[in-house]
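The sequence shown begins at 1 in this note's numbering and counts up one residue at a time. Glycine included, every Cβ here is placed at the ideal spot set by N, Cα and C. Report on the following structure.
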Amino acid sequence: MTVTDNEILERIRAIFEENFAIAPERVTPEAHLYEELDLDSIDAVDLAIKLQEMTGRRIKPEEFKSVRTVADVVAAVGSLLVEQE
(Lines of atoms letter the chains of each structure in order from A and count residues from 1; the text may use other names and numbers.)
(Lines give C-alpha, C1' and ligand atoms only; values in the text may rest on other atoms or scores of the structure.)
Protein backbone atom coordinates (compact mmCIF):
# COMPACT_ATOMS: atom_id res chain seq x y z
CA MET A 1 0.00 0.00 0.00
CA THR A 2 1.45 3.33 -1.03
CA VAL A 3 1.13 6.22 1.39
CA THR A 4 0.81 9.71 -0.09
CA ASP A 5 2.80 12.75 0.99
CA ASN A 6 -0.43 14.28 2.33
CA GLU A 7 -1.06 11.22 4.51
CA ILE A 8 2.51 11.41 5.82
CA LEU A 9 2.09 15.14 6.50
CA GLU A 10 -1.10 14.48 8.48
CA ARG A 11 0.67 11.86 10.59
CA ILE A 12 3.58 14.26 11.18
CA ARG A 13 1.14 17.00 12.20
CA ALA A 14 -0.35 14.63 14.76
CA ILE A 15 3.12 13.79 16.11
CA PHE A 16 3.94 17.49 16.49
CA GLU A 17 0.65 18.21 18.22
CA GLU A 18 0.81 15.22 20.60
CA ASN A 19 4.50 15.40 21.47
CA PHE A 20 5.53 19.04 21.10
CA ALA A 21 2.22 20.92 21.63
CA ILE A 22 2.55 22.54 18.19
CA ALA A 23 -0.73 23.39 16.48
CA PRO A 24 -1.24 21.36 13.28
CA GLU A 25 -1.79 24.49 11.16
CA ARG A 26 1.77 25.61 11.99
CA VAL A 27 3.17 22.34 10.59
CA THR A 28 3.35 23.29 6.92
CA PRO A 29 5.74 21.78 4.36
CA GLU A 30 7.78 25.01 4.29
CA ALA A 31 8.08 25.32 8.08
CA HIS A 32 11.65 25.12 9.37
CA LEU A 33 11.92 22.68 12.25
CA TYR A 34 14.36 24.66 14.34
CA GLU A 35 13.65 28.29 13.47
CA GLU A 36 9.87 28.30 13.04
CA LEU A 37 8.72 25.31 15.07
CA ASP A 38 11.32 25.83 17.82
CA LEU A 39 12.55 22.25 17.96
CA ASP A 40 15.86 21.68 19.70
CA SER A 41 18.28 18.76 19.48
CA ILE A 42 16.41 16.75 22.13
CA ASP A 43 13.14 17.31 20.25
CA ALA A 44 14.85 16.14 17.05
CA VAL A 45 15.81 12.87 18.75
CA ASP A 46 12.24 12.46 20.04
CA LEU A 47 10.92 13.15 16.53
CA ALA A 48 13.26 10.55 15.04
CA ILE A 49 12.03 7.98 17.57
CA LYS A 50 8.39 8.73 16.71
CA LEU A 51 9.16 8.46 12.99
CA GLN A 52 10.86 5.11 13.60
CA GLU A 53 7.71 3.92 15.36
CA MET A 54 5.60 5.22 12.48
CA THR A 55 7.68 3.56 9.75
CA GLY A 56 8.92 0.49 11.57
CA ARG A 57 12.39 1.36 10.26
CA ARG A 58 15.50 2.58 12.03
CA ILE A 59 16.44 6.11 11.01
CA LYS A 60 20.18 6.57 10.69
CA PRO A 61 21.49 9.83 12.20
CA GLU A 62 23.23 10.78 8.95
CA GLU A 63 19.91 10.52 7.09
CA PHE A 64 18.27 12.89 9.55
CA LYS A 65 21.06 15.50 9.70
CA SER A 66 20.02 17.12 6.41
CA VAL A 67 16.37 17.45 7.47
CA ARG A 68 15.53 21.14 7.94
CA THR A 69 11.86 21.56 7.00
CA VAL A 70 8.66 19.60 7.41
CA ALA A 71 8.83 18.81 3.67
CA ASP A 72 12.26 17.23 4.30
CA VAL A 73 10.71 15.06 7.02
CA VAL A 74 7.88 14.02 4.68
CA ALA A 75 10.42 13.08 1.97
CA ALA A 76 12.57 11.12 4.43
CA VAL A 77 9.58 9.19 5.76
CA GLY A 78 8.31 8.59 2.22
CA SER A 79 11.64 7.09 1.16
CA LEU A 80 11.69 4.83 4.24
CA LEU A 81 8.19 3.60 3.44
CA VAL A 82 9.11 2.96 -0.20
CA GLU A 83 12.13 0.90 0.94
CA GLN A 84 9.73 -1.25 2.98
CA GLU A 85 7.62 -2.26 -0.01
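A direct Cα-to-Cα measurement between Ala76 and Ile8 gives close to 10 Å.
Our two residues, Val45 and His32, have alpha carbons roughly 16 Å apart in a direct line. In the three-state reduction of the DSSP assignment, Thr4 falls in the coil class, being assigned neither a helical nor a strand state.
Within the same chain, no Cβ atom closer than 7 Å to the Cβ of Pro61 is found once the five residues on either side in sequence are excluded. A straight-line Cα-Cα distance of about 9 Å links Ala23 and Ala14.
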